[in-house]
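Peer 1: Quick note, this note's numbering runs 18 ahead of the 1-based positions in the sequence shown.
By construction, the Cβ of each residue, glycine as well, lies at the ideal position given by its N, Cα and C atoms.
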Amino acid sequence: MEQNQFVKGSLATIILKLLEDNGRMYGYEMTKAVKDITANRMNITEAALYPALHKMVADGVLSATTELVDGRVRKYYSLTKKGKKETANKISALRDALESVQLILTPKIANG
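(1) Counting C-beta neighbours from all protein chains within 10 Å, is the total for L80 16 or more, i.e. buried, or is it exposed?
(2) Measuring CB to CB, does K108 end up less than 9 Å from L34?
(3) Once DSSP output is grouped into helix, strand and coil, what is the label at V79?
(4) Counting Cβ pairs, one atom from each stretch, are 3 or more of them under 8 Å apart for the stretch 85-100 and the stretch 40-47?
(5) Can you give me the Cβ contacts of K31 inside the same chain, cut-off strictly under 7 Å, excluding the 5 residues immediately before and after it?
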């Protein structure tokens, strides 16, 4: 699996975790945070991020507010109550999936 496919499949979980840790963020701030946290090993494109954010707002998982910052309108996203529950569920599911993949990738010691 290419890294971008992995990121796409995990994007909602990544967004939820970022917002859980930071309270509220705007889109560019999220892309920069992912690059910083992963030492540039993971990149989230705006083309992937913004449709995911819009869907999550429509689903009631995130709320969005706009503010004027330095003469520019900036949209901030934050978790709703539903989003907080969803965060815990998605993180748990992703951890379980990663543990399963790790079991497959870890060589077994032959009994002998």
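Peer 2: Let me spell this out:
(1) So L80 ends up on the buried side.
(2) A contact, by the Cβ cut-off of 9 Å.
(3) The three-state reading of DSSP puts V79 in coil, since its state is none of H, G, I, E or B.
(4) For the pair of segments examined, the stretch 85-100 was found to touch the stretch 40-47: the number of CB pairs separated by less than 8 Å reaches three.
(5) For the sequence presented, residue 31 should be read as Thr rather than Lys. K108, I109 and L112.
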